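So the protein sequences, as listed, match chains A and B. Position 25 of the first sequence, counting from 1, maps to 25 under the working numbering, and the rest follow consecutively. Position 74 of the second sequence, counting from 1, maps to 74 under the working numbering, and the rest follow consecutively. Using N, Cα and C, we set each Cβ at its ideal position, and we do this for glycine too. The structure displayed is predicted, hence computed values, not measured ones. To start, the structure under review is shown below, and the notes come after it.
Protein chains: 2
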Amino acid sequence: MAGTDATKPSLAGGPAIVLVEPQLGENIGTAARAMLNCGLTDLRIVRPREPFPNRYAVAAASGADRILETARVYDGTVEAVADVQRLFATTARPRDMVKPVVTPREAARLLREAEARGERCGILFGRERTGLTNEDTVRAHSIITVPLNPAYSSLNLAQAVLLVGYEWFMAADATPPTELPLGGTRLATVGEMEGFFGQLEVELDRAGFFPTEAMKPAMWRNLRNVFLRAQLTEQEVRTLRGMVSRLAGTRHRGRGDV
Amino acid sequence: MAGTDATKPSLAGGPAIVLVEPQLGENIGTAARAMLNCGLTDLRIVRPREPFPNRYAVAAASGADRILETARVYDGTVEAVADVQRLFATTARPRDMVKPVVTPREAARLLREAEARGERCGILFGRERTGLTNEDTVRAHSIITVPLNPAYSSLNLAQAVLLVGYEWFMAADATPPTELPLGGTRLATVGEMEGFFGQLEVELDRAGFFPTEAMKPAMWRNLRNVFLRAQLTEQEVRTLRGMVSRLAGTRHRGRGDV
Numbered sequence: 001m002a003g004t005d006a007t008k009p010s011l012a013g014g015p016a017i018v019l020v021e022p023q024l025g026e027n028i029g030t031a032a033r034a035m036l037n038c039g040l041t042d043l044r045i046v047r048p049r050e051p052f053p054n055r056y057a058v059a060a061a062s063g064a065d066r067i068l069e070t071a072r073v074y075d076g077t078v079e080a081v082a083d084v085q086r087l088f089a090t091t092a093r094p095r096d097m098v099k100p101v102v103t104p105r106e107a108a109r110l111l112r113e114a115e116a117r118g119e120r121c122g123i124l125f126g127r128e129r130t131g132l133t134n135e136d137t138v139r140a141h142s143i144i145t146v147p148l149n150p151a152y153s154s155l156n157l158a159q160a161v162l163l164v165g166y167e168w169f170m171a172a173d174a175t176p177p178t179e180l181p182l183g184g185t186r187l188a189t190v191g192e193m194e195g196f197f198g199q200l201e202v203e204l205d206r207a208g209f210f211p212t213e214a215m216k217p218a219m220w221r222n223l224r225n226v227f228l229r230a231q232l233t234e235q236e237v238r239t240l241r242g243m244v245s246r247l248a249g250t251r252h253r254g255r256g257d258v
Numbered sequence: 001m002a003g004t005d006a007t008k009p010s011l012a013g014g015p016a017i018v019l020v021e022p023q024l025g026e027n028i029g030t031a032a033r034a035m036l037n038c039g040l041t042d043l044r045i046v047r048p049r050e051p052f053p054n055r056y057a058v059a060a061a062s063g064a065d066r067i068l069e070t071a072r073v074y075d076g077t078v079e080a081v082a083d084v085q086r087l088f089a090t091t092a093r094p095r096d097m098v099k100p101v102v103t104p105r106e107a108a109r110l111l112r113e114a115e116a117r118g119e120r121c122g123i124l125f126g127r128e129r130t131g132l133t134n135e136d137t138v139r140a141h142s143i144i145t146v147p148l149n150p151a152y153s154s155l156n157l158a159q160a161v162l163l164v165g166y167e168w169f170m171a172a173d174a175t176p177p178t179e180l181p182l183g184g185t186r187l188a189t190v191g192e193m194e195g196f197f198g199q200l201e202v203e204l205d206r207a208g209f210f211p212t213e214a215m216k217p218a219m220w221r222n223l224r225n226v227f228l229r230a231q232l233t234e235q236e237v238r239t240l241r242g243m244v245s246r247l248a249g250t251r252h253r254g255r256g257d258v
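If you want it as structure tokens, here you go:
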């Protein structure tokens, strides 16, 4: 059963992120940061050029140290993913390999589906500049290719991890696309809006804002729409009522003073 | 009309990316790279700490130099976005500001809609670590907040630009979620698959692969499913037919040699 084998990491940390032959410790550190940004915690490193852990990795990982602390180092790609049941390889679209190529978004969907079935997943990332070898790419079930600007698509290691991790995170994220944070207040009711409009209309009439009675209906409709479009809160309606009272009072006082 | 005013950049380069008070030239360079990755070209910089352009920015932009070459520097945020009609601010969820908060994905949808109407858009990115001031955030129509791991959500400048730009790029990208690149070949037809299965069944029968006639139907069904699940190409079917012929031939020869 998934997650009950103590020798294996739990699925909660998401797919294993497997860095194959990373050249610079700094890139391992920034990749670890990108992982933690996305809630990924299972880092595996195959034949790093510099001994790992090293101080460059730790310095670059600032705040994501625990990803490095639990990272495991392997002598070969096969050893690193021996327990993985769904293996993805991130690479440019291969020329002569008949293997499914998916977008990061589709990969995220497949990863979440697989995880829901208790399957262990992993994603291979190749070394800086040269990427994955054909030998490692062939081992994967599917290829992930990020469809960015074809004229300039080079991503560094941490950015590639970030985009794939971001999609994985988003695939289970419940944040509503749009939200209006209301703090301690709430949206105004139609009744409150009508109360404000009643006050405003009286004051505008008194102030002679509407040039003619014939022009008033359209002008008044447009003005109301400005405030309705703003989706006011109850607090803002009170503020506006105060503003109108004060402006009108100033005008009255102003006249009286003359 | 959109795009006909020569004093304004065309909409083709996407929303203006406005870096407010960036502290390090290097971060301007990496942000420029992230922009070009996503097909964004309109870079605007407000009060950079170091004189711009500078060699750190150029070095970090490797390959994205033309973004820096056309970048414009401003003394204030208002000047930088004076022509913008839809302004977004990237920042953490504001505490006491009633302003729509959108995900990068929703922002991308809104940006593409606005661009289709010919509206000029811009996105403010604050300085490293401290982010945007309230004063600048207030100017925006909406807030973009990236919903990442709440326990560790700090992104550097280039990563924030990359995620927002990636969503903008993806919102108009037509890459199919999954693709099976076929090179010069094509998927096998049912007729070709049946031809292969016919050959394989004959050879397996000859070789005594099926222990009993009673067990054969289920075994044979399962074996066929392996090959059907793989969605073979016409070329692969021919390769498999050759493989079966050769294996069978070897076995026959092997017997003859005894």
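Where does residue i sit, in a helix, a strand or coil, going by DSSP?
{"i": "residue 1 of chain A", "result": "At residue 1 of chain A, the pLDDT of 37 sits below 50, so the modelled position is not reliable; the number obtained from the coordinates is stated separately. Coil."}
{"i": "residue 258 of chain B", "result": "Any answer about residue 258 of chain B is weak, because its pLDDT of 37 lies below 50 and its placement is not dependable; what the coordinates show is given next. If DSSP states are grouped into helix, strand and coil, residue 258 of chain B belongs with coil."}
{"i": "residue 131 of chain B", "result": "strand"}
{"i": "residue 178 of chain B", "result": "strand"}
{"i": "residue 184 of chain A", "result": "coil"}
{"i": "residue 138 of chain B", "result": "helix"}
{"i": "residue 246 of chain B", "result": "helix"}
{"i": "residue 56 of chain B", "result": "helix"}
{"i": "residue 203 of chain B", "result": "helix"}
{"i": "residue 197 of chain A", "result": "helix"}
{"i": "residue 65 of chain A", "result": "helix"}
{"i": "residue 238 of chain B", "result": "helix"}
{"i": "residue 13 of chain A", "result": "helix"}
{"i": "residue 213 of chain A", "result": "coil"}
{"i": "residue 266 of chain A", "result": "Chain A is shown only over 1 to 258; residue 266 of chain A falls outside these bounds and no answer can be derived."}
{"i": "residue 115 of chain A", "result": "helix"}
{"i": "residue 190 of chain B", "result": "helix"}
{"i": "residue 165 of chain A", "result": "helix"}
{"i": "residue 155 of chain A", "result": "coil"}
{"i": "residue 82 of chain B", "result": "coil"}
{"i": "residue 160 of chain A", "result": "helix"}
{"i": "residue 224 of chain B", "result": "helix"}
{"i": "residue 97 of chain B", "result": "coil"}
{"i": "residue 172 of chain A", "result": "coil"}
{"i": "residue 8 of chain A", "result": "Because the pLDDT at residue 8 of chain A is just 47, under 50, the model does not fix this residue reliably, and the point stays unresolved."}
So, are the CB atoms of residue i and residue j less than 8 angstroms apart?
{"i": "residue 164 of chain B", "j": "residue 92 of chain B", "result": "no"}
{"i": "residue 34 of chain B", "j": "residue 162 of chain B", "result": "yes"}
{"i": "residue 128 of chain A", "j": "residue 156 of chain A", "result": "yes"}
{"i": "residue 125 of chain B", "j": "residue 18 of chain B", "result": "yes"}
{"i": "residue 14 of chain B", "j": "residue 220 of chain B", "result": "no"}
{"i": "residue 32 of chain B", "j": "residue 68 of chain B", "result": "yes"}
{"i": "residue 136 of chain A", "j": "residue 82 of chain A", "result": "no"}
{"i": "residue 237 of chain A", "j": "residue 192 of chain A", "result": "yes"}
{"i": "residue 149 of chain B", "j": "residue 121 of chain A", "result": "no"}
{"i": "residue 46 of chain B", "j": "residue 21 of chain B", "result": "yes"}
{"i": "residue 210 of chain B", "j": "residue 240 of chain B", "result": "no"}
{"i": "residue 85 of chain B", "j": "residue 119 of chain B", "result": "yes"}
{"i": "residue 185 of chain B", "j": "residue 231 of chain B", "result": "no"}
{"i": "residue 87 of chain A", "j": "residue 140 of chain A", "result": "yes"}
{"i": "residue 233 of chain B", "j": "residue 98 of chain A", "result": "yes"}
{"i": "residue 36 of chain A", "j": "residue 57 of chain A", "result": "no"}
{"i": "residue 29 of chain A", "j": "residue 80 of chain A", "result": "no"}
{"i": "residue 203 of chain B", "j": "residue 248 of chain B", "result": "yes"}
Who does residue i pair with in a DSSP beta bridge?
{"i": "residue 229 of chain A", "result": "Beta-bridge pairing links residue 229 of chain A to no other residue."}
{"i": "residue 73 of chain A", "result": "A/45"}
{"i": "residue 89 of chain B", "result": "B/124, B/143"}
{"i": "residue 102 of chain A", "result": "A/144, B/178"}
Taking 7 angstroms as the cut-off, is the CB of residue i close to at least one heavy atom of the ligand PLP?
{"i": "residue 199 of chain A", "result": "Questions concerning the ligand PLP fall outside what the structure shown contains, since it holds no ligand whatsoever."}
Report the residue ranges of all alpha helix (DSSP H) runs contained in full by the region 15–43 of chain B; include only those spanning at least 4 residues, in chain order. As far as the region 15–43 of chain B is concerned, its whole alpha helix (DSSP H) runs of at least 4 residues are 25–37.
Count the CB pairs spanning the region 79–97 of chain B and the region 179–194 of chain A that are closer than 8 angstroms, and state whether there are at least three. Yes, the region 79–97 of chain B touches the region 179–194 of chain A.
Between the region 45–57 of chain B and the region 69–77 of chain B, do at least 3 Cβ pairs fall closer than 8 angstroms? With a cut-off of 8 angstroms, the region 69–77 of chain B and the region 45–57 of chain B count as touching, because enough Cβ pairs lie within range.
Does the structure place the region 139–149 of chain B close enough to the region 98–118 of chain B that three or more beta carbon pairs sit under 8 angstroms? The answer is yes - the region 139–149 of chain B touches the region 98–118 of chain B, with three or more Cβ pairs under 8 angstroms.
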